[in-house]
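Written out below as structure tokens is the structure these notes cover.
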Amino acid sequence: MFEARITQGSVLKKLVEALKELVTEGNFDVSNTGLSLQAMDSSHVCLVSLTLREDGFDHFRCDRNMAMGIHFGNLSKILKCAGNEDTITLKAEDNADQLTLMFEAPSQDRISDFDLKLMSIESEHLGIPDQDYSAEVKLPSSEYQRIVRDLTSIGDTVLISATKEGIKFSTSGDVGTANITLRHNTTPEKPEEQTFIDLKEPVALTFALRYLNNFSKATPLAPQVKLSLTKDLPIVVEYQVGELGSVRFYLAPKIDD
Amino acid sequence: MKQKPINAFFGGS
Chain Y
1 MFEARITQGS VLKKLVEALK ELVTEGNFDV SNTGLSLQAM DSSHVCLVSL
51 TLREDGFDHF RCDRNMAMGI HFGNLSKILK CAGNEDTITL KAEDNADQLT
101 LMFEAPSQDR ISDFDLKLMS IESEHLGIPD QDYSAEVKLP SSEYQRIVRD
151 LTSIGDTVLI SATKEGIKFS TSGDVGTANI TLRHNTTPEK PEEQTFIDLK
201 EPVALTFALR YLNNFSKATP LAPQVKLSLT KDLPIVVEYQ VGELGSVRFY
251 LAPKIDD
Chain P
1 MKQKPINAFF GGS
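Which chain is which? The protein sequence lines are Y and P, in order. Under the numbering used here, the residue at position 50 of the first sequence is numbered 50, and the numbers go up by one with no gaps. Under the numbering used here, the residue at position 11 of the second sequence is numbered 11, and the numbers go up by one with no gaps.
The following block contains the structure:
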């Protein structure tokens with residue numbers, strides 16, 4: 001038996017909206033430590049890793065480890081039927097072929113349940129090592145969204161370079177070129193409006209803007225986003241989802257032929 | 001420029 005209840009159901013709605021265009025399907029792996037997902041996009045250049053801890057839920061029970069194959073477009077259709085203020089409970093019997101989603105309005109006068117058909121999905125589980133990065137940058141998630149959106153209108157790829165001067169995003173295209181530089185800035189009173197640059201060594205990598213732009217669909221989940229960069233390795237774009245866990249996007253760099 | 005698949009960077013388990 002698996003059961004997970006979250007009072008702030010809007011978090012689940014936002015999570016699925018952030019993922020559904022990038023990954024069409026994937027396994028929700030549930031265990032007594034929580035719920036996780038690893039899924040690649042269809043072109044296999046990026047990876048989504050979602051971790052939701054059991055203690056972040058208002059109630060969590062998982063008697064047996066299970067992999068629940070989810071079609072995210074279908075899950076999104078069901079979650080759109082939940083109110084933003086609703087409490088959401090996920091439930092499945094052991095070896096079930098469906099996941100039940102129960103929505104409760106705050107006033108308790110409306111309760112609905114939907115069953116989502118589960119799929120059988122073969123998925124490769126990748127071992128992602130914990131590692132030190134050459135540069136880690138925390139910035140307002142709205143700022144990241146604006147940068148990648150603006151640059152997407154100019155070019156297809158972005159060169160991200162982190163130096164002691166700051167972090168620079170550069171692109172070029174038919175209309176011309178663009179450079180946006182952010183400096184370490186802890187002046188704003190609100191921590192979520194600050195920019196932190198932790199640089200161990202300068203690094204410069206090129207990425208496809210289309211994907212970086214797609215990752216910014218997770219902006220409603222967190223006020224800040226963390227970018228981690230190391231030479232020749234995928235960038236990590238990480239959103240902390242309150243006390244519940246995190247969603248991380250990994251994107252392979254573009255390298256010279 | 002080319003792009004390696006993401007699973008080339010992480011070992012499978």
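Backbone N, C-alpha and C fix where the C-beta goes; we use that ideal spot for every residue, glycine too.
### Task
Would you kindly work out how many angstroms separate the C-alpha atoms of Y:Ala208 and Y:Glu243, rounded to a whole number?
31 Å
### Message
I need the straight-line Cα distance from P:Asn7 to Y:Arg183, nearest angstrom please.
### Response
33 Å
### Query
Just the Cα atoms here: how many angstroms apart are Y:Ala265 and Y:Cys46?
Look at the range of chain Y in this structure, 1 to 257, and you will see that residue 265 of chain Y is not part of it.
### Query
Y:Thr219 bridges to which residues according to DSSP?
Looking at the DSSP assignment, Y:Thr219 forms no beta bridge with any residue, so it has no partner.
### Task
Pair every Cβ in the stretch 188 to 201 of chain Y with every Cβ in the stretch 100 to 111 of chain Y, then say whether three or more of these pairs are closer than 8 Å.
no
#### Entry: Identified DSSP bridge partners for Y:Tyr239
Y:Val247
### Query
Are Y:Ser49 and Y:Arg248 close, meaning C-beta to C-beta below 8 Å?
yes
### Task
Keeping to the same chain, check which residues put their C-beta closer than 7 Å to that of Y:Ser141; ignore five residues upstream and five downstream.
Thr219, Ala222, Pro223, Gln224, Val225, Tyr239
### chain P contacts from the stretch 121 to 145 of chain Y (Cβ-Cβ distance under 7 Å)
Glu124, His125, Leu126, Gly127, Ile128
### Task
Within the stretch 81 to 144 of chain Y, note down every full beta strand (DSSP E) run reaching 3 residues or more, in order along the chain.
87 to 92, 98 to 104, 111 to 117, 135 to 140
### Message
Counting only beta-carbon separations shorter than 8 Å, does Y:Thr206 have a partner in chain P?
### Response
yes
#### Entry: Simplified DSSP state of Y:Ser170, which is helix, strand or coil
strand
### Query
Within the 8 Å Cβ cut-off, does Y:Ile255 reach chain P?
yes
### Task
Answer with yes or no whether the minimum CB distance from Y:Val225 to chain P is below 8 Å.
no
### Message
Run through chain P and tell me which residues come within less than 9 Å of Y:Met40, C-beta to C-beta.
### Response
Pro5, Ile6, Asn7
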